[in-house]
Structures are given as C-alpha cells and as structure tokens.
Amino acid sequence: MRVVVLGANGQLGRELVRLLPGADTVGLARADVDLRDRRAVTERLAALAPDVVVNTAADNRVDAAEAEPGPALQVNALGAAHVAAACGATPFAPSPMIIFNWPTIGEP
Ligand SMILES: NC(=O)c1ccc[n+]([C@@H]2O[C@H](COP(=O)([O-])OP(=O)(O)OC[C@H]3O[C@@H](n4cnc5c(N)ncnc54)[C@H](OP(=O)(O)O)[C@@H]3O)[C@@H](O)[C@H]2O)c1
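Here our numbering is used: the first residue of the sequence shown is 193, the next is one more, and so on.
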C-alpha cells in the first residue's frame, strides 16, 4: 500500500513517515509540491498513484494569520481542497478546527 504524506518536513509529517516504515511511504515537502498550486498537486499525486494521502501541510503562523488571514487560508483551506480534489473527494465546508487539524485522507 502506498501512502503519500504531504508536509513531510513538518513535525507531524516527519513523525508519520518515520512511523510507517512497513508501508510504501512517500514523504513530500513544500519543495516537492506546493499545495497552493492545484495543477502541481494533481499531477504529483496522479504520478505517485497513492492508496492513501495524509495531508499534514499547514501554515501554522497563528499570530500572522490573525493580522492577515489570506496566506494561511491559501494553504490550510485552498491547499487542502486541492488535495481533496486530486483524491477524487468532494470538498465540503468543515469547521475551522477541521480545516486546521484534520488530515485529508482519500483515494486517488
Ligand atoms: N505537531 C502537533 O503536535 C500537532 C498536533 C495536532 C494537530 N496538528 C496539526 O497538524 C498540522 C501540521 O502540524 P505540524 O506541527 O507538523 O506543523 P509544521 O511543523 O509547521 O509543519 C507544517 C509543514 O507544512 C509545510 N507547508 C507550509 N506551507 C506549505 C505549502 N504551501 N505547500 C506544501 N507544504 C507546506 C511546511 O513546509 P516548510 O517546512 O517548507 O515550511 C511544514 O513542513 C497542523 O494543521 C497542526 O495544527 C499538529
């Protein structure tokens, strides 16, 4: 089973990649795919054909987001929607807690 972990340079992403040694796990950092780029997300995930995608990428700069929410929304909402769409899922309107904390899991 192939698992793709997005945000693989982050605290949660690094641990997930480390804790899934038995799976065919591919960690992708921001340098590999920027979640704000819908086409890049779609093409990268299609090329890897994962069984499971775990999205841990996030803009966690809470203080900056309170002053200017745009950059965080681009990653945490729009980027997550790009991942969901690439997985064939229908984006919905989750609560802010889910946008910020719930990994996106879906099938390609
Ligand atoms: N850590 C925890 O204990 C914990 C607990 C509960 C929930 N969470 C949630 O889990 C998520 C991840 O937390 P974390 O602690 O792992 O955060 P983190 O260490 O800040 O990691 C987030 C990762 O997202 C990447 N990223 C940011 N913008 C991106 C973009 N446009 N495209 C692709 N990747 C991008 C960052 O890349 P760069 O390295 O290049 O900046 C970073 O590696 C957050 O939603 C957080 O609220 C974490």
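Virtual Cβ for every residue (Gly too), placed ideally from N, Cα, C.
For the 8 Å CB-CB criterion, residue 220 and residue 200 form a contact. A Cβ-Cβ distance of about 16 Å is found for the pair residue 256 and residue 271, leaving them out of contact under the 8 Å criterion.
Shown here, residue 255 sits in a helix according to DSSP, grouped into three states. Between residue 211 and residue 195, the CB-CB gap reaches or exceeds 8 Å. For residue 278, the number of other beta carbons within 10 angstroms of its own is at least 16, and it is reported as buried.
At least one heavy atom of ligand 1 falls within 7 Å of the beta-carbon of residue 248.
Ligand 1 never approaches residue 256 closely enough for any of its heavy atoms to be under 7 Å from the residue's Cβ. As a beta-bridge residue in DSSP terms, residue 219 pairs with 197.
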